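Student: Each residue of the sequence shown is one higher than the one before, starting from 1286 at the first, in my numbering.
Beta carbons are placed, not taken as given, at the ideal position from N, Cα and C, and that holds for glycine.
Everything numeric in this text was worked out from a predicted model, so none of it was measured.
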Amino acid sequence: MKRSYHNLTICTRPLTNGNLSLWVRHKFGSGKYSYSKTDIVIPDNCWDAKKKEVKSRQEFKEYRNKFKLLSRKRQELIDKLNLQEILPVDALKQIQHYHISDSPELIDFFEKEFLNSKPKDYNTEKYNSIFSKLETSLQEAKLSHLLPIKMVYFKTYTNEIVRALYGTTGKNTATEYLKKLNTILKDYDSNEFRDKYFEKYYQTEDKKLKRPVKIESVNNAIKKINSLKRLEAFLFWLYSFCLRGLDGQDVTLVSDKLLVEDYPLADYIYDFDIEGYDMPIHIELKRKKTAARTFTLLINAYPTLSINELLKEVIRINRPDDINEDDGLKLFKWDRLTNKRKWDVYADFLQGRLTEILGFSFKSTRHTFTSTADTLGVALSDQSALIGNKSRKGSIASYSTIDEKRLDYIHLDVLGQYDIIRTYINLLKHIKETGLMQNAARTLDIQVYEFDKTQHLDESWRTLLDRETYKRRKRSFDSEKDVYREKLT
């Protein structure tokens, strides 16, 4: 069978003034022709109809040079078409920009050129987040052939890039991203990319006020759990909350490899009557939205590990092929980095089940955690640090014991304020009463219930921290012995 190749031909069309307009025609196999008009207009007498090119005479040099650029671009696109690196519709769009030479990749220009004119401590985190989101948006819009994205694509594929971004991001956020991108593009070429280049695409919308999930709603949701699928979704919500509202896709990354301390992983209960539960243990990870920085998170505050263990047991029943048996903390064999498609499907599952029983999605844990911290008088700076929104600066740029202790105490107080231990024990009672599972409670869960340990802290995190950290000793006005004390007046 004869193999078909893509065909791009430069042809002419007459204009009313007697000149010729150059077009490019595409055909593949026995398919129909498709056309793309260029901006090249030539006199009728400079076109060689037999050779299908601009004549090489000196008087036609200007037109000949443009034709050469167009011809080179045509050959480049033919190669890409036959290698299936580009679609015909995209080739015909690119042919219109024949005069624009190849340009650097967006990230390369940003790192090698744009940042050269900025101070060394210039904050690049926001831009890195935008680049990551832009890549994801193009993939989801089936525009992977535009990756890695080049500077010139913002000229040749403006509409496609903007539509992809708005298709996967809220209007306000997408508009903010376009403004940030505009600063890079303008630095690259202020003539091609003027100030407010994307302005006509800007869209805004009124944001609904985020409301925390009330603890009453959480306890009411327990009564609606009548299947292992609903139990799995509810446990995932509780687990995310105990991890300071960590985003669901980042929860899939939590694993033993992220542990900071070199201790056996065991539960931590502050001031418990039974010994062996007094060692706080942390993980260090990067959130998807702030990938440029890491933050430390208390991982073993009861009932976090109990929830993790029960959740994995439910996943073992519901999704036997997905459960991770090799890593104590890691829920699945996959995560949002290794298999984004799996995460997208799982996120839809969580959304559906949690909306049914709770009326909120799994994304509500973050705001609920910070809102609870706010009721405890936690400063906004500490609220940001708790959820990984703020990188350390100044006196806590390096590891700070006081800083970590403060955040840990706040963490414990939030769990107590939100009544998370009592909620989990109530869930275990519900599981037993309904027969959803057998032996869902761990030995520690039973001990916590018997000792009536409903919260970690019996006093404010601030009181506890002040007593443990800020100890003062009385000092005399006389710094040395045998000094005669005189009156001040």
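Going by beta carbon distance, what residues of the same chain come within less than 7 Å of residue 1693, once the five residues before and after it are set aside?
Tutor: 1565 and 1583.
Student: Roughly how many angstroms separate the alpha carbons of residue 1500 and residue 1704, rounded to a whole number?
Tutor: Cα-Cα distance, rounded: 8 Å.
Student: What's the gap between the Cα of residue 1415 and the Cα of residue 1462?
Tutor: Roughly 6 Å separates the two Cα atoms.
Student: Which residues does DSSP pair with residue 1567 in a beta bridge?
Tutor: Beta-bridge pairing links residue 1567 to 1583.
Student: If I measure Cβ to Cβ from residue 1700 and keep anything under 8 Å in the same chain, skipping five residues before and after, which residues do I get?
Tutor: Closer than 8 Å at Cβ, skipping near neighbours: 1527, 1586, 1706, 1740 and 1741.
Student: List the endpoints of the continuous beta strand (DSSP E) containing residue 1291.
Tutor: 1291-1299 is the span of the beta strand (DSSP E), which, as asked, contains residue 1291.
Student: In terms of residue numbering, what span does the beta strand (DSSP E) encompassing residue 1604 cover?
Tutor: Unbroken run through residue 1604: none, as it is neither H nor E.
Student: Report all residues from its chain with a CB closer than 6 Å to the CB of residue 1384; omit the five preceding and five following residues, and keep chain order.
Tutor: Here the set comprises 1354.
Student: Give me, in chain order, the residues of the same chain whose beta-carbon lies closer than 7 Å to that of residue 1618; leave out the 5 immediate sequence neighbours on both sides.
Tutor: Once the five neighbours on either side are set aside, the close Cβ partners of residue 1618 are 1607 and 1609.
Student: Over what stretch of residues does the beta strand (DSSP E) that includes residue 1320 continue unbroken?
Tutor: Counting along the chain, the beta strand (DSSP E) containing residue 1320 begins and ends at 1319-1327.
Student: With H, G and I counted as helix, E and B as strand and the rest as coil, what does DSSP make of residue 1526?
Tutor: Helix.
Student: In whole angstroms, what separates the C-alpha of residue 1488 from that of residue 1522?
Tutor: Cα-Cα distance, rounded: 32 Å.
Student: At what residues does the beta strand (DSSP E) containing residue 1399 begin and finish?
Tutor: Residue 1399 -> no beta strand (DSSP E), and no H or E assigned at all.
Student: Does the Cβ of residue 1668 have 16 or more other Cβ atoms within 10 Å, making it buried, or fewer, making it exposed?
Tutor: Residue 1668 is buried by the Cβ-count criterion.
Student: Hey, how far is the Cα of residue 1452 from the Cα of residue 1649?
Tutor: Rounded to whole angstroms, residue 1452 to residue 1649 spans 22 Å at the Cα level.
Student: Consult DSSP for residue 1544 and reduce its assignment to one of helix, strand or coil.
Tutor: Strand.
Student: If we ignore side chains and look at the alpha-carbon of each, how far apart do residue 1601 and residue 1656 end up?
Tutor: Cα to Cα, the separation comes out at about 33 Å.
Student: For the candidate residues 1439, 1449 and 1665, whose alpha-carbon lies nearest to that of residue 1421?
Tutor: With distances taken between Cα atoms, residue 1421 lies closest to 1449.
Student: Report yes if the C-beta of residue 1693 is less than 7 Å from at least one heavy atom of the ligand PLP; otherwise report no.
Tutor: Ligands in the displayed structure: none, and consequently the ligand PLP is not present.
Student: If contacts are defined as beta-carbon pairs under 8 Å, then residue 1545 and residue 1581 qualify, I think. What distance do you get, rounded to the angstrom?
Tutor: About 7 Å separates the two Cβ atoms, so the contact holds.
Student: Taking the C-alpha atoms as reference points, what is the distance between residue 1620 and residue 1531?
Tutor: Taking the straight line from one Cα to the other gives about 14 Å.
Student: Between which two residues does the beta strand (DSSP E) containing residue 1312 stretch?
Tutor: That run of the beta strand (DSSP E) goes 1305-1313.
Student: How big is the Cα-Cα spacing for residue 1429 and residue 1342?
Tutor: If you take the alpha carbons of residue 1429 and residue 1342, they lie about 43 Å apart.
Student: Since residue 1439 is in the alpha helix (DSSP H), which residue starts that stretch and which ends it?
Tutor: Residues 1438-1441.
Student: Buried or exposed: residue 1593, going by 16 or more other Cβ atoms within 10 Å of its Cβ?
Tutor: Burial call: buried.
Student: What number of angstroms, rounded off, separates the C-alpha of residue 1358 from the C-alpha of residue 1464?
Tutor: In a straight line, the C-alpha of residue 1358 is about 31 Å away from that of residue 1464.
Student: Would the beta-carbon of residue 1698 fall within 8 Å of that of residue 1628?
Tutor: Taking 8 Å as the Cβ cut-off, residue 1698 and residue 1628 do not qualify as a contacting pair.
Student: Alpha helix (DSSP H) containing residue 1352: first to last residue?
Tutor: 1346-1367 is the span of the alpha helix (DSSP H), which, as asked, contains residue 1352.
Student: Have a look at residue 1561 and residue 1755 and give me their C-alpha separation to the nearest angstrom.
Tutor: Going from the Cα of residue 1561 to the Cα of residue 1755 covers about 27 Å.
Student: Closest to residue 1378 by CA distance: which of 1640, 1310 and 1633 is it?
Tutor: Here the closest residue by C-alpha is 1310.
Student: Who does residue 1339 pair with in a DSSP beta bridge?
Tutor: According to DSSP, which records beta bridges pairwise, residue 1339 is partnered with 1332.
Student: Going by DSSP, what residues sit across from residue 1617 in a beta bridge?
Tutor: Answer is 1608.
Student: Looking at the structure shown, is residue 1553 part of a helix, part of a strand, or coil, going by DSSP?
Tutor: Three-state result, residue 1553: strand.
Student: Is DSSP giving residue 1576 helix, strand or coil here?
Tutor: Low confidence applies to residue 1576: its pLDDT is 49, below 50, so where it sits in the model is not reliable, and the reading given next is rough at best. In this structure, residue 1576 counts as coil in the three-state DSSP scheme.
Student: Going by alpha carbons, who is nearest to residue 1556 out of 1751, 1332 and 1736?
Tutor: Nearest of 1751, 1332 and 1736 to residue 1556, Cα basis: 1736.
Student: Which residues share a DSSP beta bridge with residue 1390?
Tutor: According to DSSP, residue 1390 bridges with 1435.
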